[in-house]
Amino acid sequence: MTLALRFLGLSAAVMISIFLSSCSSFTSAAYRPETAKPEAPWKGKDKTWGGYSATAQSNSSWKVYYRSYNDLDEEKCQKLCLLRAAEICLQQGEDVFYVSQLEVETKAEISSFPERTLPGYWKSKAYQTSIQLYNGERMPVTRYRDEWQDEKVIPAHLVSNTIVESSLLMTFHQQSKTQSVYHAREVMADGVKHWPYLSRDFLKL
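Those letters in the sequence shown? Residues 312 to 516, by our numbering.
What follows is the structure, encoded as structure tokens:
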């Protein structure tokens with residue numbers, strides 16, 4: 312095998328690794344339960360909030376939500392909302408579910424931060440110097456010294472955060488011809504197909 316072919320093979324492997332890594336970061340960060348909501352004012356452009364939640368309306372109906380903060384678009388939020396609905400369906404021993412009131416909304420939340428002052432502090436900084444060896448040569452070395460950092464005034468400012476929320480009403484029995492019908496295993500298999508790092512445990516339900 313020539314050197315050029317080896318290089319192309321290595322480059323392809325690196326690109327595949329980068330692609331799978333990006334898929335992993337999407338699924339591992341996105342498909343999770345929503346355990347808390349931020350309280351204003353909160354850090355702008357923070358993507359650590361959000362996830363899915365659900366409330367049982369009766370023994371055979373659920374309201375399912377998916378929220379994303381500064382991260383996913385409306386289409387992905389809807390798909391993850393449906394994915395959670397399919398998971399609940401199988402957990403309840405059902406194979407088919409019916410959806411109505413499938414909605415998605417994007418809104419902006421403005422956080423207002425007052426002026427504040429960060430106090431000054433000492434910070435250790437590295438600098439390069441050299442020392443003379445016994446043979447007369449000089450050897451570079453790294454040393455550290457403490458430098459005073461002045462206080463910093465952060466002026467009052469506004470931060471805009473983008474929140475995408477998808478919701479749906481799911482039932483296990485068709486109540487209206489306007490409801491959309493979904494097969495839970497197909498929805499979950501589609502999720503694993505498009506996002507390969509979703510847990511295969513979904514398909515074991």
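Ideal Cβ placement from N, Cα and C applies to all residues, glycine included.
With fewer than 16 neighbouring CB atoms inside 10 Å of its own CB, W433 falls in the exposed class. Annotated three-state conformation of E345 is coil, per DSSP.
Residue state for G362 is assigned as strand, using DSSP reduced to three classes. Take T473, set aside five residues on each side of it, and the residues of its chain with a beta-carbon closer than 7 Å to its own are N381, T417, A419, in chain order. 8 Å or more divides the Cβ of R449 from the Cβ of Y438. Q460: member of the beta strand (DSSP E) spanning 449-460, first to last residue. By the CB criterion at 8 Å, S477 and E414 fall inside the cutoff. Per the Cβ contact rule, the segment 458-468 is not in contact with the segment 382-389 (fewer than 3 Cβ pairs under 8 Å). Each residue's CA atom was taken as its position, placing S411 and P430 some 54 Å apart. Of the residues assessed, S441 falls on the exposed side of the cut-off, its CB having fewer than 16 other CB atoms within 10 angstroms.
Distance from the Cα of G361 is smallest, within the candidate group S371, S369, C392, for C392. Looking at the DSSP output, R378 sits in a beta bridge with G362, E476. Annotation: Y493 to V407 spans about 6 Å, alpha carbon to alpha carbon.
Under DSSP, M499 forms no beta bridge with any residue.
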